[in-house]
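Participant: Protein sequence lines correspond, in order, to chains Y and F. In case it helps, our numbering puts the first sequence at residues 1 to 844. In case it helps, our numbering puts the second sequence at residues 1001 to 1335. Virtual Cβ for every residue (Gly too), placed ideally from N, Cα, C. Next up is a structure, given as structure tokens.
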Amino acid sequence: MVQVTEKKIRSIKFSVFSPEMIRKMSVIKVTVPDTYNEDGYPIDGGLMDQHMGVIDPGLRCKTCGGSVHTCPGHFGHIDLVRPVLHSEFAGVVASLLKATCSSCSRALFKKKSKKVGEIEKMLTEEEMISAMKKVKKCPHCGAKQEEIKFEKPTTIMEGKRVLLPIEMRERLSKIPDEDLELIGIDPKSARPEWMVLTALLIPPVQMRPSIILETGQRSEDDITHKLVDIIRINQRLDANLNAGAPQLIIEDLWELLQYHVTTYFNNESANIPPARHRSGRALKTLSQRLKGKEGRFRYNLSGKRVNFSSRTVVSPDPNISIDEVGVPSAVAEELMVPIYVTPWNIETCKELMKRKEFPKVLYITSPDGRRRRLIESNLDELLELVDVGWVLERQLKDGDPVIFNRQPSLHRISMMCHKVKVLPGKTFRLHVAVCPPYNADFDGDEMNLHVPQAFEAMAEAEELMLVSKQIISPRHGKAIIQPNEDHLTGAYLLTRKSVKLTRKDAMKLLGAVGIFELPKPNSKGMYAGKDVFSMLLPKDFNIEYRTKLCKEVNDCSKSKCPYDGYVIIKNGVLKHGVMEKKGLAGLVIEKLFNEYGSEVARDFIDRITLMSVYAITHFGFSVGVNNYRLDSKAKSKIDEIRTKAIKEVETLIVKYNNKTLARLPGKTLLETLEEKVMVLLGKARDSTGIVLREHFGNDNSSIVMADIGSRGSMLNAIQMSAFLGQQAVRGKRVKRGYKGRVLPHFKGRDLGAYARGFVGRSFMDGLTPTEYFFHAAGGRESIVNTAIRTARSGYMQRRLINALQDLYVDYDKTVKDADGSIVQPLYGGDGKDPMKVGIKKEKV
Amino acid sequence: MVNIKRSPIVDTGEAVGIVAAQSLGEPGTQMTMRTFHYAGVAEHVPLGLPRLIEIVDARRDISKSLMDIYLTKEYSKDKKKVEKIAKGIEQLTLGKVAKIVEDFENKSIRIIVDVKYLESRNLTFRELVKKISKFLNGSARVRTKSGKYILITAKTSYVQLRKMSMKLKSLHLFGIKGLSKATVAKDDASKEYFIRVGGSNISELKKMEEIDFSRLYTNSIRDIEKHFGIEAARSAIVKEIKQVMDLQGLAVDVRHVMLIADAMCSRGYVEPVGRHGLSGKKESILARAAFEETIKHLVNASIKGEEDKLNGVTENIIIGQTIKLGTGKVKLVMR
């Protein structure tokens, strides 16, 4: 067996580099402000010096001798001829100067007695600093303290005089260690004088590679550009100092050096213009590389790119199981699954290697890490060589566990484990019942697939992430993988009271789902739809509930319900009631899952969806314009409702104009009117529902779908057949536009229904131009709202996850944070998992 | 194979925090942004997503606070008595009883009083004038005209005049500061009347004997924390979040809501979720840096010589190690 040595990082310590440390770890002092010579070869002592690592193939690192692939890179340094303040530490330095004496550099605080010592412990570090800043006279040497001012990014003034970095450094270096501890600075990791730089660390070449454009020209990284600037100014300052140039010129250059060093660390510092590239684009320097969504932390460290993944369009397939995914053969041929050769599978492995067609072994890796492509010519050689410890890479085949995902991954069931099913075609095939957790549809959605590469990963995926184990949502403990739309309609059609199937039809439905026995026929040799459906249920399954069809009457007649709205399943037989959303997409599945386990529930969903597809094609079900056409009688009834409502609005307006309208508490008269009109028109629209139901009857496809909850609502039918009703902008009638009116088609100050966004026509009738405008206004508002909402809720979720991500349940069922502090003494107060609350505890 | 018994108890190591955060965040996109009005009291009480964000942020000044005030037994059954108390609670400002007109030419402010309304609130014109005089404290001349107008002249700059008129507008006449629009409603469960009022001012209400302080409720979580303590605040967070979700018709298990409330209160005071609260005070430097304000956290960690113990999730993802949650928590090595 290969011995695996595992190294773990236990902790990471942060500190400030001292100049000595910088020089010690530096492999070269960079002095030339240039990169490559004319031959494209790195200049010695330049910024691309080969001591700092190599990025060009063929060259060797002069420090470690490694090549492009093996050299990790080494740091270099620049000696600054005059010290400059590190801009990111400027605030800290200013605070320190304020809190220490300007002449003796002691903290402006004296331990007078034991009592003060106690006070010192009580104050936080911030409070200590702000207290010390106020001290005017040094308690140690008695020197008067001048006011120190800090101006971003790097200017520190004492009185009216600007402090030079040399002076700062001098004062800071005099601060004793114990005084620093008082302020909350660890003198071992961060002596304050280190914050005024005398040497600058230069990152390895690998961190700032130059790129070669198509023209053959080299283009340097932003960081390299910035470093060139720094070295150039440093050299000029040095030359001027040696030449004994006037103080004014020296200070100008010094300040310029400070500017370049500041922008090297952060090119977005306040009060200074960002350093720019020749093209005028602001340079991306160190700070910009790290922060933000596209920064190193969030883009490269918290999120990593992966291999062994695939992405394509998804399309529906009701014939596969819910925990399968149809993978295009082109994808399956490309994705690899590792097989680790052991004494127990070596023979199988060899057989696998000999395979000539899919799924075959494509690569083979020996224990020394050499990866070879398996081709016919080396097959025999490799068959000889292969031994325990080798790894084969085989194409993806049926039954392999993979992780399937759709973005945005808002919850954990946005990633679930599916079993591969290789299919022809170019899209991933997905069972329709698994759409809700992914929030997927098939209008062009794409999804990702990942192949786990270790046994542990595969086992965990299968045991914890398998689709059939996620049928119940952890959010609310109700079914989330469920039959939808046509599947519900099909099940409803099948389980209606009147359904009698011939022996042939019954066999067709049952055979489709792999059941090869028949329920008991009636005296005429016909099979009841309910009985055919019942074949899918376990033989000891019992449940009773009210369906969505229930009219919520007080004295429920249960089994004698005229709408067949009360379900009784006894011993696995559906005695009464029909299948609809509440039961089939909820209660029944949940009970199956909780009492019989995930596999039974999965099989049930697989079968009922498939049977429904056959049922709905058997009975036929369609929706068309004719479903929404009204006869003159119904039309006049709706006209009546509409005219009545508008008349009522008119009377309200008259009342408002006469000021006889009763004011609602806490509202102005106009607000009262608006409120009343909104309510009135809303009620008018709702009341058309009754007319439509009466006219359409309960067999109208649209009404059936609304009733059983498979698609659409009563409101949809109303808007298509009766009228759209009041359009709202910001929750009120449409108001904005011209002075006193929304559109020029109306008279000024018209408060009437039509002038303020009431749409009195249906989609069948067609809208008038003004109505169309109002409808568009309302529609636009909801689109804008959706856009804003997604952004806001996305940020809220990021914050919530970040705040709570470390919480876990410990062995004693307490909830603890990463630092071990207890957040809840017993999870949820009862220790139950919301996903499993329906499960009854089994006795062992 | 070992037959594992099925049980409703949570698995050890379960990342309950993440699940709770997802359970609240995922339905966020489905929530509406509309506002809701409680009959009469306050109009734009935010609901749905804005309100949820407000609760999670533990804001001090919430956009619309409300209080439900229950009275002691002697008063609560009698609607008239309750109404009287309600009237006494509601704050009356000068701006509500009078129209305030600035006259910049003559450097004066005219106050036209709605005397009828004033008297309905048991205040006479004379008392009003007195209050105004007292408020101005000799800084301006106060004259009255025909028992209806008050004329204030002051020799000040225009800016001062405007400032004065603004101050007069919000001059407190009587009632409890910050409370507006008190309405009486009936509690169907206990068959008694209670007052629903806009605004939140518990410290003043505390002084009133008629009030059953133990049943006082406000939707301002910070106020509850201040006056009733952290446990009450925790319950209030649970109740308010639950209410938001229920009104949207979104099902969320209480356990998730409770966990979020517990996390927000676990240090003994209410902390917001975000960089100024829970996320900003995390133990791990890397986790903080990866969330927000990257540079600030790195710099501060370096001067303090902080050490990241790598116990949390983000830190371990960053350095590429197994995270200590779920199956990663178990320490088992095969020999």
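Exposed or buried, what is Glu376 of chain Y when buried is set at 16 or more other beta-carbons lying within 10 Å of its beta-carbon?
Facilitator: Per the 10 Å Cβ criterion, exposed.
Participant: Using a threshold of 8 Å, state whether the C-beta atoms of Val261 of chain Y and Met168 of chain Y are closer than that.
Facilitator: Going by C-beta atoms, Val261 of chain Y is not nearer than 8 Å to Met168 of chain Y.
Participant: Measure the CB-CB distance between Pro338 of chain Y and Gly425 of chain Y and report whether it falls below 8 Å.
Facilitator: No, these two residues do not count as a Cβ contact at 8 Å.
Participant: If we define contact as Cβ-Cβ less than 8 Å, is Glu1054 of chain F a contact residue for chain Y?
Facilitator: No, because no Cβ of chain Y sits closer than 8 Å to the Cβ of Glu1054 of chain F.
Participant: Taking the DSSP output, what are the residues bridged to Phe1174 of chain F?
Facilitator: DSSP output for Phe1174 of chain F lists F:Leu1092 as bridge partner(s).
Participant: Flag this pair as yes or no: are the beta carbons of Leu804 of chain Y and Ile1260 of chain F separated by less than 8 Å?
Facilitator: For Leu804 of chain Y and Ile1260 of chain F, yes; Cβs fall inside 8 Å.
Participant: In whole angstroms, what separates the C-alpha of Pro33 of chain Y from that of Leu800 of chain Y?
Facilitator: Roughly 48 Å separates the two Cα atoms.
Participant: Using a threshold of 8 Å, state whether the C-beta atoms of Trp254 of chain Y and Leu237 of chain Y are closer than that.
Facilitator: Yes, these two residues count as a Cβ contact at 8 Å.
Participant: Can you tell me which residues form a DSSP beta bridge with Tyr614 of chain Y?
Facilitator: DSSP, once it has assigned bridges, lists no residue as partnering Tyr614 of chain Y.
Participant: Give me whichever residues DSSP pairs with Arg546 of chain Y in a beta bridge.
Facilitator: Arg546 of chain Y is bridged to Y:Tyr566.
Participant: Are there 16 or more other CB atoms within 10 angstroms of the CB of Ser113 of chain Y, so buried, or fewer, so exposed?
Facilitator: Residue placement at Ser113 of chain Y cannot be trusted, given a pLDDT of 44 that sits under 50; the coordinates are not used to answer.
Participant: Tell me the rounded alpha-carbon separation between Leu1205 of chain F and Pro474 of chain Y.
Facilitator: Their Cα atoms are separated by approximately 42 Å.
Participant: Does the segment 377 to 395 of chain Y come into contact with the segment 338 to 348 of chain Y, if we say contact requires no fewer than three beta-carbon pairs (one atom in each stretch) closer than 8 Å?
Facilitator: These segments touch.
Participant: Run through chain Y and tell me which residues come within less than 8 Å of Ala1290 of chain F, C-beta to C-beta.
Facilitator: Within 8 Å Cβ-Cβ: Phe297, Arg298, Leu301, Ser302.
Participant: Could you check where the alpha helix (DSSP H) with Asp400 of chain Y kicks off and where it finishes?
Facilitator: Run containing Asp400 of chain Y: none; DSSP gives neither H nor E here.
Participant: Identify the contact partners of Lys1309 of chain F in chain Y, using a Cβ-Cβ distance below 9 Å as the criterion.
Facilitator: By Cβ distance, chain Y contributes Arg10, Ser11, Ile12, Ala818, Asp819.
Participant: Count the other C-beta atoms from every protein chain shown that fall within 10 angstroms of the C-beta of Glu1209 of chain F, then say buried if there are 16 or more, exposed otherwise.
Facilitator: Classification for Glu1209 of chain F: exposed.
Participant: Taking only beta-carbon positions, decide if Lys1304 of chain F is within less than 8 Å of chain Y.
Facilitator: Output row for Lys1304 of chain F: interface = yes.
Participant: With the cut-off set at 8 Å, would you say Gln692 of chain Y and Ser721 of chain Y are in Cβ contact?
Facilitator: Note that residue 692 of chain Y corresponds to Leu in the displayed sequence, not to Gln. Contact flag set, yes.
Participant: For the segment 166 to 189 of chain Y, list every residue whose C-beta sits within 9 Å of some C-beta in chain F, in sequence order.
Facilitator: Under the 9 Å Cβ criterion, the segment 166 to 189 of chain Y contributes Gly184, Ile185, Asp186, Pro187, Lys188, Ser189.
Participant: Give me the subset of the segment 1243 to 1269 of chain F whose CB atoms are less than 8 Å from a CB atom of chain Y, sorted by chain position.
Facilitator: Correct list: Ala1251, Val1252, Asp1253, Val1254, Arg1255, His1256, Met1258, Leu1259, Ile1260, Asp1262, Ala1263, Ser1266.
Participant: Let me know if Ala461 of chain Y comes out buried or exposed under the rule of 16 or more other beta-carbons within 10 Å of its beta-carbon.
Facilitator: Ala461 of chain Y is buried by the Cβ-count criterion.
Participant: Whose C-alpha, out of Y:Pro83, Y:Cys561, Y:Tyr264, Y:His745, is nearest the C-alpha of Lys497 of chain Y?
Facilitator: Closest by alpha carbon: Y:Cys561.
Participant: Excluding the five sequence neighbours on either side, which residues of its own chain have a C-beta within less than 6 Å of the C-beta of Pro1008 of chain F, listed in chain order?
Facilitator: So the list is empty, once near-sequence residues are dropped.
Participant: Please determine if the segment 347 to 366 of chain Y and the segment 394 to 413 of chain Y are in contact, where contact requires at least 3 C-beta pairs separated by less than 8 Å.
Facilitator: A contact exists between the segment 347 to 366 of chain Y and the segment 394 to 413 of chain Y.
Participant: Let me know if Tyr808 of chain Y comes out buried or exposed under the rule of 16 or more other beta-carbons within 10 Å of its beta-carbon.
Facilitator: That one is buried.
Participant: State yes or no: is the C-beta of Ile481 of chain Y within less than 8 Å of the C-beta of Ile605 of chain Y?
Facilitator: Their beta carbons are under 8 Å apart, which means Ile481 of chain Y touches Ile605 of chain Y by this criterion.
Participant: Measure how close the beta-carbons of Arg607 of chain Y and Leu536 of chain Y come, nearest whole angstrom, since I'm counting them as under 8 Å.
Facilitator: Yes, they are in contact, since the Cβ atoms of Arg607 of chain Y and Leu536 of chain Y sit about 5 Å apart, within 8 Å.
Participant: Taking a Cβ distance cut-off of 9 Å, strictly less, list which residues of the segment 1111 to 1126 of chain F are near chain Y, in chain order.
Facilitator: Within the segment 1111 to 1126 of chain F, no residue qualifies.
Participant: Is Pro408 of chain Y buried or exposed, if buried means 16 or more other CB atoms sit within 10 Å of its CB?
Facilitator: Burial call: exposed.
Participant: Could you check which residue in Y:Ile175, Y:Asn571, Y:Thr672, Y:Thr312 has the C-alpha nearest to that of Asp445 of chain Y?
Facilitator: Checked all of Y:Ile175, Y:Asn571, Y:Thr672, Y:Thr312; the closest Cα to Asp445 of chain Y is Y:Thr312.
Participant: For Val691 of chain Y, which residues in chain F fall below 8 Å Cβ to Cβ?
Facilitator: The premise fails here: Val691 of chain Y is roughly 27 Å from chain F at the closest Cβ pair, so nothing lies under 8 Å.
Participant: With a threshold of 8 Å on Cβ separation, who are the neighbours of Leu509 of chain Y within its own chain once the five nearest residues in sequence on each side are excluded?
Facilitator: Excluding sequence neighbours, Leu509 of chain Y sits near Leu494, Leu501, Val532, Met611, Tyr614, Ala615, His618.
Participant: When you measure from the CB of Phe541 of chain Y to every non-hydrogen atom of the ligand SAH, does any distance come out below 7 Å?
Facilitator: With respect to small molecules bound, the structure shown includes none, and the ligand SAH cannot be examined in it.
Participant: Counting contacts by CB-CB distance shorter than 8 Å, is Met1001 of chain F in contact with chain Y?
Facilitator: Because the pLDDT at Met1001 of chain F is just 41, under 50, the model does not fix this residue reliably, and the value given afterwards should be weighed accordingly. No, its Cβ sits nowhere closer than 8 Å to a Cβ of chain Y.
Participant: Determine contact between the segment 1142 to 1157 of chain F and the segment 1103 to 1112 of chain F, defined as no fewer than three beta-carbon pairs at a distance below 8 Å.
Facilitator: At 8 Å Cβ cutoff, the stretches touch.
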